[in-house]
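Asker: Take this structure first; my questions come after.
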Amino acid sequence: MSVLNDTVDWLSDSANWSGDDGIPHRLTQHLEYTALTVVIAAAIAIPIGLWVGHTGRLRGLAVVSTGALRALPTLGVLTYASLFSGIGIKPAIFTLVLLAIPPLLAGAYAGLESVNRQTIDAARAIGMTEWQVLSKVEVPLALPLIIGGIRSATLQVVATATVAAYVPGPGGLGRYLIDGLAVSDYARIVGGSVVVIVLALVLDGLFVILQRVALGSRPSRTPTTA
Amino acid sequence: MIEYRSIGKTFADGTEAVGDFSLQLPSRTTTVFVGSSGCGKTTLLRMVNRMVDPSHGQVLIDDVDVSTRNKVELRRSIGYVMQEAGLLPHRKVIDNVALMMRLKGADKKEARDRAHEVLETVGLDSSLANRYPAQLSGGQQQRVGVARGLVTDPNILLMDEPFGAVDPIVRDELQQELLRLQRELDKTIVFVTHDIDEAFLLGDQVVILKKGGEIAQVGSPAEILAKPANDFVSSFIGLEKGHRKLHVEERNGTRIVVDETGKATGVLSE
Chain A
0 MSVLNDTVDW LSDSANWSGD DGIPHRLTQH LEYTALTVVI AAAIAIPIGL
50 WVGHTGRLRG LAVVSTGALR ALPTLGVLTY ASLFSGIGIK PAIFTLVLLA
100 IPPLLAGAYA GLESVNRQTI DAARAIGMTE WQVLSKVEVP LALPLIIGGI
150 RSATLQVVAT ATVAAYVPGP GGLGRYLIDG LAVSDYARIV GGSVVVIVLA
200 LVLDGLFVIL QRVALGSRPS RTPTTA
Chain B
0 MIEYRSIGKT FADGTEAVGD FSLQLPSRTT TVFVGSSGCG KTTLLRMVNR
50 MVDPSHGQVL IDDVDVSTRN KVELRRSIGY VMQEAGLLPH RKVIDNVALM
100 MRLKGADKKE ARDRAHEVLE TVGLDSSLAN RYPAQLSGGQ QQRVGVARGL
150 VTDPNILLMD EPFGAVDPIV RDELQQELLR LQRELDKTIV FVTHDIDEAF
200 LLGDQVVILK KGGEIAQVGS PAEILAKPAN DFVSSFIGLE KGHRKLHVEE
250 RNGTRIVVDE TGKATGVLSE
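Residue numbers (numbering that gives the first Met the number 0), protein chains in the order written: chain A, 0 to 225; chain B, 0 to 269.
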């Protein structure tokens, strides 16, 4: 019970809500790392996923490499990457990008595969170019799954971005966990974790809204009589 | 005029869809390819707009080999209506139809105006224009499919079993509607079906196909009925089952048309 009380005290202590080591600043850093990671990973994974889904080529390779990337131990990769690029935020972003690629890639190619073949055939038959088939038919229809990929990538990254603090230099909410551990300050560790959890839940909620908006005006199915 | 010159198609997996096929399809008439599944009828249809490229031979439209034409441009110049309509589920009915105009470079307003006009032509209530395809019945969706095929006023209309997935009453309606449209619009229609009754109803020229795109017989419905070329044709058009061989019997002073099984099918009017 004392850890819980201490955590509540830590979270409500105004000293923890200001300054460079304050929650708002750490939270902002954490979000910046997350956003940067997801943007870089999306720029790599989504075009590849769309290409694989559209052409059907190299699908096996995409599936295998997605699985292989998922199996990478994050902390190990981070340590290894730090040996090459030195300490700082770069190895952390690199590691997180590797973590974010599989769900983004899978969302993109699975999304395109989920589109009805007959709809695509029809689009081609009425004279759409390959680019139009992709941009006007496949991507809009795959959007719920593509956004689903971004959602799960973001959640994984936001939860794992705490490892950035594992190497000296970067901030983010992981600082509370790593620095707290070093001095056995459990209130700080748990308090930091709570902030990460709340952030993850809020982001997830935002994505739920975004997915609804993406489907927007499209009806599921409300048949009328002939 | 559409002309097939010694066309053949073997797919990548080795199946031969069409062996050696030659035929002329006169302009402003309806030619129906009819046959069981695997006879290559859809493959033949799809060669006209290069959805399938032949392994050998040529397809010519007005004496121009289609293989010399840009695929996208060619497809935009030909109407295409397919089974289950093939509408874009995320676009409203009006946008599905207007899309063809937009692809050809029309501005938004022009495209929509023309789309409304052609939806009316195919007998769809304008209140349905802002619905999504999933909100329409199968028959209504198919009308939208026909509207999309006609919106750019192409000379050629390709129809791949367009009425295959709707119930018989609606199919009957759609067939009559197509006959009416064809009287008004005078297109060159290539129609694919497995239903011989539909083929005889809609076709000026009916092409009965065996496996591998082999022509069993070509002719008008009357020619085929009068002189079936062989047993395959007789059996395919149902002459052997008796319901096409009719004779007249007099009952209670009225002349009744009766088929070979003795079933009354109509009244003779003079």
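C-beta atoms are modelled at their ideal positions from N, C-alpha and C, and glycine is treated no differently.
Whether or not the segment 102-110 of chain B and the segment 161-170 of chain B are in contact is what I'm after, with contact meaning three or more pairs of Cβ atoms, one per stretch, closer than 8 Å; do they touch?
Answerer: At 8 Å Cβ cutoff, the stretches do not touch.
Asker: Give the secondary structure of Ser183 of chain A by DSSP, where H, G and I count as helix, E and B as strand, and everything else as coil.
Answerer: coil
Asker: What is the rounded straight-line gap between the Cα of Arg69 of chain A and the Cα of Val150 of chain B?
Answerer: 50 Å
Asker: Is Val58 of chain B helix, strand or coil when you go by DSSP?
Answerer: strand
Asker: Measure from the C-beta of Thr128 of chain A to each C-beta in chain B and report whether the shortest distance is under 7 Å.
Answerer: yes
Asker: Unbroken beta strand (DSSP E) runs of length 3 or more, entirely within the segment 142-201 of chain B: which are they?
Answerer: 155-159 and 187-192
Asker: Report the option in B:Gly218, B:Gly137, B:Ala97 and B:Ile223 whose CA atom is closest to the CA atom of Met81 of chain B.
Answerer: Per the Cα distances, B:Gly137.
Asker: Report all residues from its chain with a CB closer than 6 Å to the CB of Leu293 of chain B; omit the five preceding and five following residues, and keep chain order.
Answerer: In the structure as shown, chain B begins at 0 and stops at 269. Residue 293 of chain B is therefore absent and cannot be evaluated.
Asker: Would you say the segment 99-112 of chain A touches the segment 133-148 of chain A, given that touching needs at least three Cβ pairs under 8 Å?
Answerer: Contact holds: three or more Cβ-Cβ distances are below 8 Å.
Asker: Ordered along the chain, which non-local residues of its own chain (more than five positions away) have a Cβ less than 7 Å from that of Thr73 of chain A?
Answerer: Thr94, Leu98, Thr159 and Val162
Asker: Check each candidate in B:Ala225, B:Ser233, B:Asp194 and B:Gly78 and name the one with the smallest Cα separation from Leu157 of chain B.
Answerer: B:Gly78
Asker: Tell me which residues share the same chain as Thr120 of chain B and place their Cβ nearer than 6 Å to its Cβ, disregarding the 5 neighbours each side in the sequence.
Answerer: Its chain contains no residue whose beta carbon lies nearer than 6 Å to that of Thr120 of chain B once the 5 sequence neighbours on both sides are disregarded.
Asker: Can you say whether Gln175 of chain B is buried or exposed, counting buried as having 16 or more other CB atoms within 10 angstroms of its CB?
Answerer: exposed
Asker: Pairs of beta-carbons, one from the segment 120-130 of chain B and one from the segment 145-157 of chain A, closer than 8 Å: are there three or more?
Answerer: no
Asker: Does the beta carbon of Asp106 of chain B come closer than 7 Å to any beta carbon on chain A?
Answerer: no
Asker: Going by other Cβ atoms of all chains shown within 10 Å of its Cβ, with 16 needed for buried, is Met127 of chain A buried or exposed?
Answerer: buried
Asker: When the Cα atoms are used, what is the spatial distance from Leu103 of chain A to Thr153 of chain A?
Answerer: 9 Å
Asker: Does the CB of Leu123 of chain B have a neighbour CB from chain A at under 7 Å?
Answerer: Closer than 7 Å: no.
Asker: Short of 8 Å in beta carbon distance, which residues of its chain neighbour Pro88 of chain B, apart from the five on each side in sequence? Order them along the chain.
Answerer: Tyr131, Pro132 and Ala133
Asker: Using the Cα positions of Leu57 of chain A and Glu129 of chain A, report the straight-line distance between them to the nearest angstrom.
Answerer: 18 Å
Asker: Taking Val257 of chain B as the reference, give the member of B:Arg250, B:Leu43 and B:His246 with the closest Cα.
Answerer: B:His246
Asker: Counting only Cβ pairs nearer than 7 Å, list the residues of chain B close to Gln117 of chain A.
Answerer: Glu83 and Gly85
Asker: Is Met50 of chain B close to chain A? Criterion is C-beta to C-beta, closer than 7 Å.
Answerer: yes
Asker: Contact defined as beta carbons within less than 8 Å: I believe Val117 of chain B pairs with Gln141 of chain B. What is the distance between those atoms, to the nearest angstrom?
Answerer: For Val117 of chain B against Gln141 of chain B, the beta-carbon gap comes to about 14 Å, at or over 8 Å, which does not count as contact.
Asker: Count the other CB atoms within 10 Å of the CB of Arg220 of chain A; is the residue buried (16 or more) or exposed (fewer)?
Answerer: Per-residue confidence for Arg220 of chain A stands at a pLDDT of 47, beneath the threshold of 50, marking its modelled position as unreliable; no derived number is given.
Asker: Please list the partners that Pro139 of chain A has in chain B, where partner means a Cβ-to-Cβ separation under 9 Å.
Answerer: Within chain B, the residues near Pro139 of chain A are Leu87, His89 and Arg90.
Asker: Glu15 of chain B by DSSP, collapsed to three states: which one?
Answerer: Of the three classes helix, strand and coil, the one that applies to Glu15 of chain B here is strand, per DSSP.
Asker: Does the beta carbon of Asp12 of chain B sit closer than 7 Å to a beta carbon anywhere in chain A?
Answerer: no
Asker: Quick one: using the 10 Å Cβ neighbour count with 16 as the cut-off for buried, is Asn69 of chain B buried or exposed?
Answerer: exposed
Asker: Once DSSP output is grouped into helix, strand and coil, what is the label at Asp178 of chain A?
Answerer: helix
Asker: At a CB-CB cut-off below 9 Å, which residues of chain B make contact with Ile45 of chain A?
Answerer: In chain order: nothing, as chain B lies at least about 19 Å away.
Asker: Are the CB atoms of Ile92 of chain A and Thr36 of chain A within a distance shorter than 7 Å?
Answerer: Going by C-beta atoms, Thr36 of chain A is nearer than 7 Å to Ile92 of chain A.
Asker: Roughly how far, in whole angstroms, is the beta-carbon of Ala107 of chain A from the beta-carbon of Ala44 of chain A, given that I think they are within contact range, below 8 Å?
Answerer: 7 Å
Asker: Considering only the beta carbon of each residue, do Ile47 of chain A and Val166 of chain A sit closer than 7 Å?
Answerer: No, the pair does not count as a contact, with Cβ atoms beyond the cut-off.
Asker: Let me see if you follow: with CB-CB separation under 7 Å, is Leu102 of chain B close to chain A or not?
Answerer: yes
Asker: Just to confirm the assignment, what range does the alpha helix (DSSP H) spanning Thr65 of chain A have?
Answerer: Arg58 to Arg69
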